[in-house]
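Have a look at the structure below, then the notes.
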Amino acid sequence: MAKSALLKSSIAKKYWMAFTGLFLCLFLAGHLAGNLQLLVPNNALNFNKYALFMTTNPAVKILSYVTYLSILFHAVDGFLLTYQNIKARPVGYAKSNPSANSSFSSRNMAVLGTLILVFIVTHMVNFWAKMHFDQNIPLQTITVEVMGQKQELYLMTNDGYMATSQVAKTKEEAAKSGAQVYIKNRTEFYNTQADVKVGEGYKDLYKITVAFFKDPKYGLIATILYVVAMGVLAFHLLHGFQSAFQSIGLNSSTWMPKIKLFGKLFAIIVPILFAIIPIYLHFILK
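Numbering-wise (my numbering), the sequence shown opens with residue -14 and increments by one.
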């Protein structure tokens, strides 16, 4: 009974809110470090290697599931806390001047958090879902010149190459065309005759990402919305970062000024760096 009451209490919710929020800040930093590779010229292979590692490494997979749960828990917990606060104060004060007593971020955390949740869902649909479930996801290729003629090659995870002209999309297509190799399970190259795996290609997430922000119809809109979403994230972090430390008790006069300064820097620098990526891809990358 006592344990149930603790889980339902606002104090417990604030603890969970703080811990999941701080974990998600760590995720943001790591995700940013990987995505900044998009700003490096001619870096498609390294970015796709990073994407492969992030989707296949067992330890990273576990952290990914923890991240998904943290996002859900953080969102639900935030809604519950907001509802609790509204319920606890059903009648507004006769005279109220909230801007004099609190920041814009602290007064609108629920709204900011909801907007961020919407962004996360759309972001996952456009990139995460394609990476994991799109049956037609392209594999990375390069074009080389051989004896005066251009040839397109698949890049393989074992540092080898496979001529695209020798590879069929399916086993059935290979049987009809006489192709020596066919693609199985979206990324695996199989010998048509022996039906054994001979290599694996890279899902070209770099190509998908660039194409998304350079789309002639929607690329500019996507870029603007992404930048706006990073502005919303900045406001959310401005209050949320320091609030998380206060919730877990690190609010001493010694530590709090340093935490507030670091939190402000984190809330400004991280969203700006994220926002630079789509701006670069849409306006600068050739």
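Even for Gly, the Cβ is constructed at its ideal location relative to N, Cα and C.
Suppose only complete runs of 4+ residues qualify. What are the alpha helix (DSSP H) ranges in the stretch 197 to 255, listed by chain order?
Within the stretch 197 to 255, the complete alpha helix (DSSP H) runs of at least 4 residues are 204 to 232.
Pick helix, strand or coil for residue 148, following the three-state DSSP scheme.
Counting from 1 along the sequence shown, the entry for residue 148 is found at position 163. It is a strand residue.
From residue 135 to residue 18, what distance separates their C-alpha atoms?
For the purposes of this step, residue 135 is identified with residue 150 of the sequence shown, where counting begins at 1. For the purposes of this step, residue 18 is identified with residue 33 of the sequence shown, where counting begins at 1. Cα-Cα distance, rounded: 35 angstroms.
What's the gap between the Cα of residue 233 and the Cα of residue 3?
Here residue 233 refers to the residue found at position 248 when the sequence shown is read from its first residue. Here residue 3 refers to the residue found at position 18 when the sequence shown is read from its first residue. For residue 233 and residue 3, the distance between alpha carbons rounds to 7 angstroms.
Assign residue 117 to buried or exposed, taking buried as 16 or more other Cβ atoms, counted over all protein chains shown, within 10 Å of its Cβ.
Here residue 117 corresponds to residue number 132 of the sequence shown, with the count starting at 1. By the neighbour-count rule (16 or more Cβ atoms within 10 Å), residue 117 is not buried but exposed.
Are the CB atoms of residue 166 and residue 151 nearer to each other than 8 angstroms?
Numbered from its first residue, the sequence shown carries residue 166 at position 181. Numbered from its first residue, the sequence shown carries residue 151 at position 166. Contact flag set, yes.
Is there contact here, the stretch 224 to 239 with the stretch -2 to 15, by at least three beta-carbon pairs under 8 angstroms?
Below 8 angstroms, enough C-beta pairs join the stretch 224 to 239 and the stretch -2 to 15 to call them touching: three or more.
Who pairs with residue 195 in a beta bridge, going by DSSP?
Translated into the one-based positions of the sequence shown, residue 195 becomes position 210. None, per the DSSP bridge assignment.
Residues of its chain near residue 55, where Cβ-Cβ distance is below 6 angstroms and the 5 sequence neighbours each way are ignored:
For the purposes of this step, residue 55 is taken as the residue at position 70 of the sequence shown. Once the five neighbours on either side are set aside, the close Cβ partners of residue 55 are 5, 8, 9.
Residue 187 (DSSP reduced to helix, strand or coil):
If you number the sequence shown from 1, residue 187 lands on position 202. DSSP places residue 187 in coil when its eight states are reduced to three.
Taking the beta carbon of residue 153 as the centre, do at least 16 other beta carbons fall within 10 Å, making it buried, or is it exposed?
Residue numbering aside, residue 153 sits at position 168 when the sequence shown is read from its first letter. Buried, since its Cβ has 16 or more Cβ neighbours within 10 Å.
Is residue 163 buried or exposed, if buried means 16 or more other CB atoms sit within 10 Å of its CB?
Residue mapping note: residue 163 aligns to position 178 of the sequence shown, counting from 1. With fewer than 16 neighbouring CB atoms inside 10 Å of its own CB, residue 163 falls in the exposed class.
Buried versus exposed call for residue 271 [16 or more other C-beta atoms within 10 Å across all chains shown]
As a first step, residue 271 must be located in the sequence shown, where it is residue number 286. By the neighbour-count rule (16 or more Cβ atoms within 10 Å), residue 271 is not buried but exposed.
Can you name, in chain order, every residue of its own chain whose Cβ lies under 7 angstroms from the Cβ of residue 181, other than the five neighbours on each side?
Counting from one through the sequence shown, the residue named residue 181 turns up at place 196. Excluding positions up to five away in sequence, the list reads 175.
If we count the other Cβ atoms within 10 Å of its Cβ and call it buried at 16 or more, is residue -8 buried or exposed?
Sequence index remark: in the sequence shown, residue -8 carries index 7 (1-based). With a pLDDT of 46 at residue -8, under the threshold of 50, the predicted position of this residue should be treated as unreliable, and no value is reported.
Pick out whichever of 14, 206, 138, 179 has its Cα sitting closest to the Cα of residue 52.
Here residue 52 refers to the residue found at position 67 when the sequence shown is read from its first residue. Per the Cα distances, 14.
Is the beta carbon of residue 191 less than 8 angstroms from the beta carbon of residue 29?
As a working mapping, residue 191 is identified with position 206 in the sequence shown. As a working mapping, residue 29 is identified with position 44 in the sequence shown. Residue 191 places its beta carbon less than 8 angstroms from that of residue 29.
Same chain only: Cβ atoms within 8 angstroms of residue 100, ignoring 5 sequence neighbours per side
Walking along the sequence shown from the start, residue 100 turns up at place 115. 214, 217.
Find the nearest neighbour of residue 194 within the set 131, 113, 143, 120, judged by alpha-carbon distance.
For the purposes of this step, residue 194 is taken as the residue at position 209 of the sequence shown. Measuring from the Cα of residue 194, the nearest candidate turns out to be 113.
May I ask you to check if the CB of residue 142 is nearer than 7 angstroms to at least one heavy atom of the ligand PLP?
The ligand PLP is absent from the structure shown, which contains no ligands of any kind.
Check for me: the beta strand (DSSP E) holding residue 46 runs from which residue to which?
Taking the sequence shown and counting its residues from 1, the one referred to as residue 46 is at position 61. Per DSSP, residue 46 lies in no beta strand (DSSP E); the unbroken alpha helix (DSSP H) holding it starts and ends at 43 to 73.
Start-to-end residues for the beta strand (DSSP E) that takes in residue 135
Indexing the sequence shown from 1 puts residue 135 at position 150. Run containing residue 135: 134 to 140, per the beta strand (DSSP E) assignment.
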